[in-house]
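See below for the structure under consideration.
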Amino acid sequence: MSECLFCMIDKGDLPAEKVYDDGRVFAIKDINPQAPVHFLVIPKKHFSTILEIEKDDHELIGSIYSVANELAKKNGLDKAGFRVVVNCGVEAGQSVFHIHYHLLGGRSLKWPPG
Ligand code: AMP
Ligand code: ZN
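Per my numbering, the very first residue in the sequence shown carries number -10; after that it's consecutive.
This is how it looks when you write it as structure tokens:
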């Protein structure tokens, strides 16, 4: 998957501001932040969309929430609140087809999203 943006970032072939890496999951600062804190938490395993997640992946995908929690706490979002969101497919606005969990916080977030 060398043509995949997030696989390339993980391999170091494209620059990004990494804020976390445990060998299975990494997180970067979003290049176009939509909130004062906007990270992308990304499994290194390439899944184009969440539809490709299978039972064997549940532990890996579950660990993404531990990473999101850790980053939220580290960045002082846990008291006021924050959002973890994943877009699936074109109508949901997915633009990079390697799954990633947006961690957004640091301002009041509206609901429902557009
Ligand atoms: P989505 O639209 O849900 O697929 O989210 C893709 C996200 O990736 C967007 O929020 C983009 O701003 C972000 N993004 C795209 N290219 C980069 C990059 N090179 N480094 C960091 N974030 C990126
Ligand atoms: Zn990929």
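Positions of the beta carbon are idealized from the N, C-alpha and C atoms, including for glycine.
Source: prediction; values computed, not measured.
Exposure of histidine 47 is indicated by the presence of fewer than 16 other C-beta atoms within 10 angstroms of its C-beta.
The closest heavy atom of the ligand ZN lies 6 Å or more from the beta carbon of histidine 89. Under the DSSP definition of a beta bridge, arginine 13 lacks any partner.
Shown here for valine 14: same chain residues with a beta carbon closer than 8 Å to its own, the five before and five after excluded, namely Val30, Ile31, Pro32, Lys33, Leu49, Ser52, Ile53 and Val56 in chain order. By the neighbour-count criterion, in which a residue is buried when 16 or more other Cβ atoms sit within 10 angstroms of its Cβ, leucine 92 is buried.
Shortest gap from the CB of phenylalanine -5 to any heavy atom of the ligand ZN: under 6 Å. The segment -3 to 5 makes no contact with the segment 56 to 71, as fewer than three CB pairs between them are under 8 Å. The nearest non-hydrogen atom of the ligand AMP is less than 6 Å from the C-beta of aspartate 19. The closest CA to that of glycine 95, considering only Phe36, Lys62, Gln83 and Val85, is found on Lys62. DSSP, reduced to helix, strand and coil, places glycine 70 outside both helices and strands of the structure shown, so it counts as coil.
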